[in-house]
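Take a look at the structure set out below.
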Amino acid sequence: MVKVVVCGAAGGIGQPLSLLLKQSDLITDLALYDVVNAVGVAADLSHINTKSKVTGYGKTEMDEALKNAHTVVIPAGVPRKPGMTRDDLFKINAGIIRDLAEGVARNCPNAFVLVISNPVNSTVPIVCEVLKKHGVFDPKKVFGISTLDVVRSSRFVSELNSSIDPKNTRVTVIGGHSGVTIVPLLSQIPNGFVDSLSKEQLDALTYRIQYGGDEVVKAKDGAGSATLSMAYAGARFTLTVLSAILEGRSGLVESTYVNLEADAAATAAFKEQTGLDYFAQDVEFGRNGVEKIVALPKLSAYEQGLLDVAIPELKTNIAKGASFITDSA
Ligand code: NAI
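If you read the sequence shown in the UniProt record's numbering, its first letter stands for residue 1, the second for the next number, and so on.
As structure tokens, then:
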């Protein structure tokens, strides 16, 4: 049985994400949990003629929803409105994520946990600290989904150079998942892409990748943030991880925000140098989740400059998430 639970399944991301996951034969049980309307969404999706059985769970049924889950995907919480940063969401979303992580520790302590809810830089440390508190933390199994930054990078790059196929050009994005902490490694794109840009073009492209979410928030004008592109990115990430875990496919890599203990040997020097416990970078997946954290390539001077700005902000975000749990212990 491969039971995947979507927490926040009736939301703007949760619904299309659940629809995309329903299309995969890797999943046998798709459990949809939300404080509103999950039962309705589940009834709707349950008529689709794919293998998985879909069940819906309402507000008081979190434990039942999470029971024996293989993988838990979390897009629960409030999204941004114009003028808000992801950090502004902390007040509300931190408590939601903490409660869901408590539910994971109680009902499926061995599950893989994939976090979409913002601010990801802080919500992932919250999940990890809760699991640590319960003695069930495995750093190889907790991921912050920053795939939307990767998806946007591929698309935006292809808009500047028509010979680049956005589907097959994966851009490594390191750091975190908000504003200046998003550091796209555009120098890694083959055929001298980055050298073909003027300094102004490179600045504009970098800014667009870092603040791409704002374009959507502004265009939706109060009706939320990215949901459809996020559902696409979330499904791509979830199904890639599941494929490595369940089918043993090797060489599957995505950039994702993880606790660096997931590959302590590979990251010891970086941790010591930066003081960071969490970081987004390319991760290769395996049967146990993180197979290895891929070594950082040589950064250009421009990228190193971006990383230098990202590190202090990331540190603050991480400490804020971790202390939300440790200070209340
Ligand atoms: P939404 O408001 O449309 O949906 C959120 C859903 O979570 C709602 O259905 C709500 O009822 C549910 N929910 C609230 N509290 C809950 C709880 N305690 N347990 C279970 N469900 C609960 O919001 P949307 O647009 O789907 O965004 C969800 C989250 O994803 C936000 O925090 C947003 O900032 C984040 N996000 C993350 C991105 C990323 O790249 N990682 C990209 C875009 C959004």
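Quick reminder that beta carbons are idealized off the backbone N, C-alpha and C, glycines included.
- Message: By the three-class DSSP mapping on this structure, what secondary structure does residue 295 have?
- Response: Counted from its first residue, the sequence shown places residue 295 at position 295. Secondary structure of residue 295 (DSSP, three-state): coil.
- Does the beta carbon of residue 82 fall short of 7 Å from some heavy atom of the ligand NAI? For the purposes of this step, residue 82 is taken as residue 82 along the sequence shown, with counting starting at 1. It does not: the Cβ of residue 82 is nowhere closer than 7 Å to a heavy atom of the ligand NAI.
- Work out the CA separation of residue 200 and residue 218 for me, nearest whole Å. As a first step, residue 218 must be located in the sequence shown, where it is residue number 218. As a first step, residue 200 must be located in the sequence shown, where it is residue number 200. Computed Cα separation, rounded: 23 Å.
- Item | residue 321: CB within 7 Å of a non-hydrogen atom of the ligand NAI | Here residue 321 is taken as the residue at index 321 of the sequence shown, counted from 1. Not so, every heavy atom of the ligand NAI lies at least 7 Å from the Cβ.
- Message: Comparing C-alpha positions only, which one of 24, 277 and 26 sits nearest to residue 121?
- Response: The residue labelled residue 121 in the question sits at position 121 within the sequence shown. Here the closest residue by C-alpha is 277.
- Taking the Cβ atom as the reference point for each residue, do residue 98 and residue 116 lie within a distance shorter than 8 Å? Residue numbering aside, residue 98 sits at position 98 when the sequence shown is read from its first letter. Residue numbering aside, residue 116 sits at position 116 when the sequence shown is read from its first letter. The answer is no: Cβ separation not under 8 Å.
- Could you tell me whether the Cβ atoms of residue 151 and residue 229 are closer together than 8 Å? Translated into the one-based positions of the sequence shown, residue 151 becomes position 151. Translated into the one-based positions of the sequence shown, residue 229 becomes position 229. Their beta carbons are under 8 Å apart, which means residue 151 touches residue 229 by this criterion.
- Item | Contained alpha helix (DSSP H) runs [length at least 4] in the UniProt domain "Lactate/malate dehydrogenase N-terminal" (2 to 144), N- to C-terminal order | 14 to 22, 38 to 45, 62 to 66, 90 to 107 and 120 to 133
- Message: Determine whether the beta carbon atoms of residue 267 and residue 293 lie at a separation below 8 Å.
- Response: As a position in the sequence shown, residue 267 is number 267, starting the count at 1. As a position in the sequence shown, residue 293 is number 293, starting the count at 1. Against a cut-off of 8 Å, the Cβ pair of residue 293 and residue 267 comes out as a contact.
- Have a look at residue 190 and residue 159 and give me their C-alpha separation to the nearest angstrom. Mapped onto the sequence shown, residue 190 falls at position 190. Mapped onto the sequence shown, residue 159 falls at position 159. Whole-angstrom Cα-Cα distance: 16 Å.
- Item | Cβ separation of residue 280 and residue 175, assumed to be a contact under 8 Å, to the nearest whole Å | Locating residue 280 in the sequence shown gives position 280, where the first residue counts as 1. Locating residue 175 in the sequence shown gives position 175, where the first residue counts as 1. Contact flag correct, Cβ pair sits at about 6 Å.
- Just to confirm, does residue 118 get its C-beta within under 7 Å of one of the non-hydrogen atoms of the ligand NAI? Indexing the sequence shown from 1 puts residue 118 at position 118. Result yes, Cβ under 7 Å from the ligand NAI.
- Excluding the 5 residues preceding and the 5 following residue 137 in the sequence, name in chain order all residues of the same chain whose CB lies nearer than 7 Å to its CB. Here residue 137 refers to the residue found at position 137 when the sequence shown is read from its first residue. By the criterion of a C-beta distance shorter than 7 Å, residue 137 is surrounded in its chain by 128 and 131, once the five residues flanking it on both sides are discounted.
- Message: Bridge partners for residue 278 per DSSP, in chain order?
- Response: Taking the first residue of the sequence shown as position 1, residue 278 is located at position 278. 259.
- Message: Closer than 8 Å is the cut-off here; do at least three beta carbon pairs connect the stretch 1 to 12 with the stretch 31 to 47?
- Response: yes
- Item | Burial state of residue 50, where buried means 16 or more other Cβ atoms lie within 10 Å | Here residue 50 corresponds to residue number 50 of the sequence shown, with the count starting at 1. Result: exposed.
- Status (buried if at least 16 other CB within 10 Å, exposed otherwise) for residue 210: To locate residue 210, count along the sequence shown from 1; it is residue 210. Its Cβ being crowded by 16 or more others within 10 Å, residue 210 is buried.
- Item | First and last residue of the uninterrupted beta strand (DSSP E) at residue 175 | On the sequence shown, position 175 is the one that residue 175 refers to. Note, residue 175: beta strand (DSSP E), 173 to 175.
- Task: Starting from the C-beta of residue 302, find all residues in its chain whose C-beta is less than 6 Å away, skip the five residues before and the five after it, and write them out in chain order.
- Result: What you label residue 302 is simply residue 302 of the sequence shown in a count that begins at 1. Counting only residues of its own chain and dropping the five nearest sequence neighbours on each side, residue 302 has no CB closer than 6 Å to any other CB.
- Message: Alpha carbons only, please: which of 39, 53 and 14 is nearest the one belonging to residue 25?
- Response: Within the sequence shown, numbered from 1, the residue matching residue 25 stands at position 25. The shortest Cα separation from residue 25 among 39, 53 and 14 belongs to 53.
- Query: DSSP puts residue 286 in a beta bridge; with which residues?
  - Reply: In the sequence shown, the residue the question calls residue 286 occupies position 286. According to DSSP, which records beta bridges pairwise, residue 286 is partnered with 289.
- Message: Looking at the strands, I want to know which residues DSSP matches up with residue 182.
- Response: As a position in the sequence shown, residue 182 is number 182, starting the count at 1. DSSP, once it has assigned bridges, lists 175 as partnering residue 182.
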